[in-house]
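In the UniProt record's numbering, the protein residues as written are 1 to 303. A quick write-up on the structure given underneath.
Right, dumping it as structure tokens:
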């Protein structure tokens, strides 16, 4: 009998057959005795203290892959998985100068170098080796290109221009010589491309240290463009504004460096784009086809 309020001596365990290793000794709640069985679980093969096999989870219940606490997170964790490899996402911002190269239009010769700002997101569909991925890109962009006051264009007399005067619009019945104050383009951008990671896997929790990436893509832009025109003769109101739809195709290439910080990756680098843009009837009868190049700095995060 145990003393009042105390714990008696535990019963001895079963006898150990001759030649068997000694029974492991447990401490804690059960003192030196073996712990009682848990449910119907069996005991695994031991190289040390015994452990109990995990019980299967009920149907429809899944474990949380975000183990944390110093455990190694499996490579398939932390995002959807495609047919070949994981799917990751990244957000980016880009900015840099815009250079008008021509296009065979009078407008291309009436513009100076401008500036571009872009932002958006990409989905990366990795291969099984995690060192290459197909990319889908959606974003927005804004391009400002100032005009050359010394390049004079002639407008179509049949065009109805939008006047800055609050009284509304008016018709110009004779050709008007104008210079371009600036071209403003706001666009929705879309592209598909391929990225190659040059120093190992490019997925979170697999990328180690610094890595680098080369990417190529092709895409388009659709949006609105307006031109600020100024009457050279200063007849009436000198300011004329024209608005049109802007449509573009482009080719892009980028190279960046990146570093993993556990569950996310920072990247930064450079990008170049060549594009062809058409804006019908922006400054009729002048053609408004433009060829230009963007040289961009870029930065973002992938997760």
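Heads up, the beta-carbon is just placed ideally off N, CA and C, and yes, glycines get one too.
Residue i, DSSP secondary structure in three states
{"i": "residue 135", "result": "strand"}
{"i": "residue 198", "result": "coil"}
{"i": "residue 233", "result": "coil"}
{"i": "residue 91", "result": "strand"}
{"i": "residue 297", "result": "strand"}
{"i": "residue 204", "result": "coil"}
{"i": "residue 210", "result": "strand"}
{"i": "residue 265", "result": "strand"}
{"i": "residue 245", "result": "strand"}
{"i": "residue 256", "result": "strand"}
{"i": "residue 323", "result": "The structure shown does not extend to residue 323, since the chain is modelled only from 1 through 303, so no value can be given for it."}
{"i": "residue 289", "result": "coil"}
{"i": "residue 239", "result": "strand"}
{"i": "residue 303", "result": "coil"}
Nonlocal neighbours in the same chain, by C-beta distance under 8 Å from residue i, ignoring five residues either side
{"i": "residue 270", "result": "254, 255, 256, 295, 296, 297 and 298"}
{"i": "residue 192", "result": "134, 135, 136, 137, 217, 218 and 219"}
Residue i, buried or exposed, once every other Cβ within 10 Å from all chains shown has been counted against 16
{"i": "residue 141", "result": "buried"}
{"i": "residue 129", "result": "exposed"}
{"i": "residue 101", "result": "exposed"}
{"i": "residue 176", "result": "buried"}
{"i": "residue 120", "result": "buried"}
{"i": "residue 149", "result": "exposed"}
{"i": "residue 268", "result": "exposed"}
{"i": "residue 280", "result": "exposed"}
{"i": "residue 183", "result": "buried"}
{"i": "residue 243", "result": "exposed"}
{"i": "residue 178", "result": "buried"}
{"i": "residue 303", "result": "exposed"}
Cβ shell of residue i (< 6 Å), same chain only, five flanking positions each side left out
{"i": "residue 185", "result": "143, 225 and 246"}
{"i": "residue 60", "result": "With a pLDDT of only 48 at residue 60, under the threshold of 50, the placement of this residue in the model should not be trusted; the figure read from the coordinates follows. Hits under 6 Å: none found."}
{"i": "residue 223", "result": "186, 187, 188 and 246"}
{"i": "residue 213", "result": "195, 197 and 256"}
{"i": "residue 117", "result": "95 and 142"}
Residue i, enclosing beta strand (DSSP E) - first and last residue
{"i": "residue 130", "result": "First-last for residue 130: undefined, no H or E at that position."}
{"i": "residue 107", "result": "Residue 107 -> no beta strand (DSSP E), and no H or E assigned at all."}
{"i": "residue 124", "result": "114 to 126"}
{"i": "residue 152", "result": "152 to 154"}
{"i": "residue 282", "result": "Note, residue 282: premise wrong, no beta strand (DSSP E); not H, not E."}
Cβ neighbours of residue i in the same chain (closer than 7 Å, five flanking residues each side left out)
{"i": "residue 266", "result": "258, 259 and 301"}
Sheet register partners of residue i (DSSP bridge)
{"i": "residue 97", "result": "115"}
{"i": "residue 84", "result": "In the DSSP output, where bridge partners are listed per residue, residue 84 has none listed."}
{"i": "residue 306", "result": "For the chain, the structure presents residues 1 to 303; residue 306 sits outside this window and is missing."}
{"i": "residue 307", "result": "One cannot answer for residue 307 here, as it falls past the ends of the chain, which runs 1 to 303."}
{"i": "residue 181", "result": "Answer by DSSP bridge pairing: none, since residue 181 is not bridged."}
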